[in-house]
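Chemist: Residue numbers (this note's numbering), protein chains in the order written: chain A, 4 to 297; chain B, 4 to 297.
Just so it is clear, CB atoms sit at the ideal spot from N, CA and C, and this is done for glycine as well.
A quick note: this is a predicted structure, and the numbers were derived from the prediction, not measured.
There are 2 protein chains.
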Amino acid sequence: MEGFISGNDGGIKGLKDLKASLGDVDNYLNHNDAPSSSNDDDSKISFRSLCRSTTHTGPTNGKCPGFLQCNLVVLRKEDAFDFLLFCQRNSKACPIVDVCENGSFNPTGVTKSSDLRTDLPAYNVYSNGKLVQGNLSDVRSLWPSDGVAFLLGCSFTFDHVLIANRISARHIEMKRNVSMYKTNLKCREAGRFKGNVVVTMRPVKGGDVAKVVTLSCKYPEAHGAPIHIGSPSDLGIADLSKPDWGDPVEVREGEVPVFHACGVTSQEVIMSSGVSFAITHSPGCMFVSDKIID
Amino acid sequence: MEGFISGNDGGIKGLKDLKASLGDVDNYLNHNDAPSSSNDDDSKISFRSLCRSTTHTGPTNGKCPGFLQCNLVVLRKEDAFDFLLFCQRNSKACPIVDVCENGSFNPTGVTKSSDLRTDLPAYNVYSNGKLVQGNLSDVRSLWPSDGVAFLLGCSFTFDHVLIANRISARHIEMKRNVSMYKTNLKCREAGRFKGNVVVTMRPVKGGDVAKVVTLSCKYPEAHGAPIHIGSPSDLGIADLSKPDWGDPVEVREGEVPVFHACGVTSQEVIMSSGVSFAITHSPGCMFVSDKIID
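1) Counting pairs of beta carbons, one from the segment 61 to 74 of chain B and one from the segment 228 to 238 of chain B, are three or more of them closer than 8 Å?
2) Is there a Cβ of chain A sitting closer than 8 Å to that of B/Q270, yes or no?
3) Determine whether the Cβ of A/F84 lies closer than 8 Å to any Cβ atom of chain B.
4) Check B/I99 in the structure and name its three-state DSSP category.
5) Let me know the secondary structure DSSP gives B/V261 once reduced to three states.
6) In whole angstroms, what is the alpha-carbon distance linking A/S269 and B/N105?
7) Quick one: residues in its chain with C-beta nearer than 7 Å to the C-beta of B/L18, no 5 flanking neighbours on either side, listed in chain order?
8) List the DSSP bridge partners of B/K208.
9) Check whether the Cβ of A/I273 lies closer than 8 Å to any Cβ atom in chain B.
10) Anything in chain B within Cβ reach of A/L88, meaning under 7 Å, just list it in chain order.
11) By DSSP, does A/M274 sit in helix, in strand, or in coil?
12) How should A/V212 be labelled, buried or exposed, when 16 other C-beta atoms within 10 angstroms of its C-beta is the threshold for buried?
13) 8 Å is my cut-off, CB to CB: does A/Q91 come that close to chain B?
14) Once DSSP output is grouped into helix, strand and coil, what is the label at A/C90?
15) Quick one: list the residues of chain B neighbouring A/I99, beta-carbon separation under 7 Å, in chain order.
16) Can you have a look at A/C220 and say buried or exposed, based on whether 16 or more other CB atoms are within 10 angstroms of its CB?
17) Going by the DSSP bridge assignment, what does B/T268 pair with across the sheet?
18) Could you tell me which residues DSSP puts in a beta bridge with A/Y184?
19) Just the C-alpha distance for A/P62 and B/S52, rounded to the nearest angstrom, thanks.
20) Taking the alpha carbon of A/S276 as the reference point, which residue from A/K133, A/S292, A/E256 and A/H226 has its own alpha carbon closest?
21) For A/F280 and A/V291, I'd like the C-alpha separation in whole angstroms.
22) Would you give the residue range spanned by the alpha helix (DSSP H) that B/D162 belongs to?
23) How is B/R79 classed by DSSP in three states: helix, strand or coil?
24) Just the Cα atoms here: how many angstroms apart are A/F108 and A/R55?
25) Say whether chain A places a C-beta atom closer than 8 Å to the C-beta of B/K19.
26) Could you check which residue in B/G137, B/C73, B/V102 and B/L188 has the C-alpha nearest to that of B/P223?
27) Indicate the three-state DSSP secondary structure (helix, strand or coil) for B/H303 in the structure shown.
28) In angstroms with no decimal places, state the Cα-to-Cα distance between A/H231 and A/S94.
29) With a CB to CB cut of under 7 Å and the five nearest residues on each side skipped, what residues in its chain are close to A/V200?
30) Based on the DSSP output, what are the partners of B/L71 in its beta bridges?
31) Under the three-state reduction of DSSP, which class applies to B/V113: helix, strand or coil?
32) Does DSSP classify A/N30 as helix, strand or coil?
33) Count the other CB atoms within 10 Å of the CB of B/K294; is the residue buried (16 or more) or exposed (fewer)?
34) At the level of alpha carbons, what is the spacing between B/D149 and A/L88?
35) What separation, rounded to the nearest whole angstrom, lies between the Cα atoms of A/V216 and A/Y184?
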């Protein structure tokens, strides 16, 4: 597999061995491009099979801990440059994990082999900025021949790290999707792409808020540190119990709402910009990659 | 100026003030997008004027310490997506600092007002992958109407930090351009763009090598930590005294060659890929931005 260090190659002893095992130099030069190592844990492959067979069609929070989860955006080639630039300019909300070659649905930067048309639990389809189909389980018949697929990191990726540090993840405890809200924070525009930042919200005990910051900031590909802590109204959120996507979760006495940037920003932007055609994941129903994040 | 926090606005007290002073949320969300603050130091504006008037036409190492220096690549729109993806996939060598809107030559993400067609000391022009003109001081007549301008960070940016830490910067001491070499390390391809990594080399005393790593790694937009330390032959470099770009510098007894990825990788790639048309800076003759890096 191009760009991966295979555990089967044995120890990496020098640059030549490294290069021989890589085929190219991505892992050596750029930690963002590919898994840091291979892994015998096949949970993510099994999980993608469950999605492909439509056995699993719901949110992915709590699934396959330790592997990077991703938002999906598929656009026609004519929109690809502007969107890539948009992500570059708004990397906190839209951290690019991989971009497939034109027409391809196999993200070789983050999996050995997978099919983005079937391997997510659920998909949305947008036409002229409007959601026209939701919760599809297979988009093979809709995938454009010139489609460019973008994978953007998701904060579900670090939930197990919070849990391991004894910080409750309410949406996982309650077996619900995370709460997501459109904010009043404007993204930096790029070409035709414009819109507002979407955030996730996790209720966190006062004594744990700093820990959530220091833990999540280690995962910039999964949105990193929170962008806002406390008052929802500063973000233009009127009522936490009415999320724009996902499910409401309880905020208990003594807990503070902690807001991370969310990749669903890309869907808000697809709508606000009136993009002619897009396929995305259904919010909360992410692509689980092979990329190990810790 | 869009996207900048103006020092004249007084203290930033809350999110609303921050948003009011920003116009958009880039600085709040994404440290990569714009200067961290304004600054009364006008040295970089004066320096760009010297370039515009063709008073300064040489390398920029040692100029305007504290401001991010950038490589320039201008391509036709048809090549822009593939190149942006190439930079995304090879961010160690090609860290994106700003991308202008189609046809624009004013990089609003990193300067209040500047003209990329005149404000660099010297330019190269490539046609069908070949260098056809070098050391031009003004490219206004050559700039394509559909040109997309990319700015990529440069390691000159942290030279003054090394000097402040009593680590010699030989190329500055010797008043020479830095030494640059094409290596045998292959970049990860993107569309038509392919080629090898170019590196800079700084000779460093054995006792200072770790310091160079820990200091430069703080500047990922300026290539961050070295990609290789020691044996040039591992990188396919036969003779350090014969750099592919820039000037040779002396490596003294007890010094180790320290190699950082270099933005001239983009020019190597323009040549290797046979790109139809490109304007770039002349290696070592960078664009000095307003972006403060420490």
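Modeler: This is what the structure gives:
1) no
2) False, the Cβ-Cβ gap to chain A never drops below 8 Å.
3) yes
4) strand
5) strand
6) 21 Å
7) A caution first: B/L18 carries a pLDDT of 33, below 50, which makes its placement in the model unreliable, though a value can still be read off. Here the set comprises nothing.
8) B/E258
9) no
10) Here the neighbours are L87 and V102.
11) Shown here, A/M274 sits in a helix according to DSSP, grouped into three states.
12) Buried, since its Cβ has 16 or more Cβ neighbours within 10 Å.
13) So yes, A/Q91 belongs to the interface.
14) DSSP places A/C90 in the helix class (H, G or I) of the three-state scheme.
15) Q91
16) exposed
17) Paired residues: none, contrary to the question.
18) A/V202
19) 56 Å
20) A/K133
21) 24 Å
22) Residues D162 to A167.
23) Note: B/R79 maps to strand in three-state DSSP.
24) So the alpha carbons of these two residues sit roughly 14 Å apart.
25) Only weak support exists for where B/K19 lies, its pLDDT of 35 falling under 50; the coordinates are left without a value.
26) B/C73
27) As displayed, chain B neither begins before 4 nor continues past 297, which places residue 303 of chain B out of reach and without an answer.
28) 16 Å
29) Cβ within range, chain order: A96, T186, L188, C190, A264 and T268.
30) In DSSP, B/L71 forms no bridge with anything.
31) coil
32) Model confidence at A/N30 stands at a pLDDT of 41, short of 50, so the residue's coordinates are unreliable; what they give is reported in the following sentence. Helix at A/N30.
33) buried
34) Going from the Cα of B/D149 to the Cα of A/L88 covers about 16 Å.
35) 20 Å
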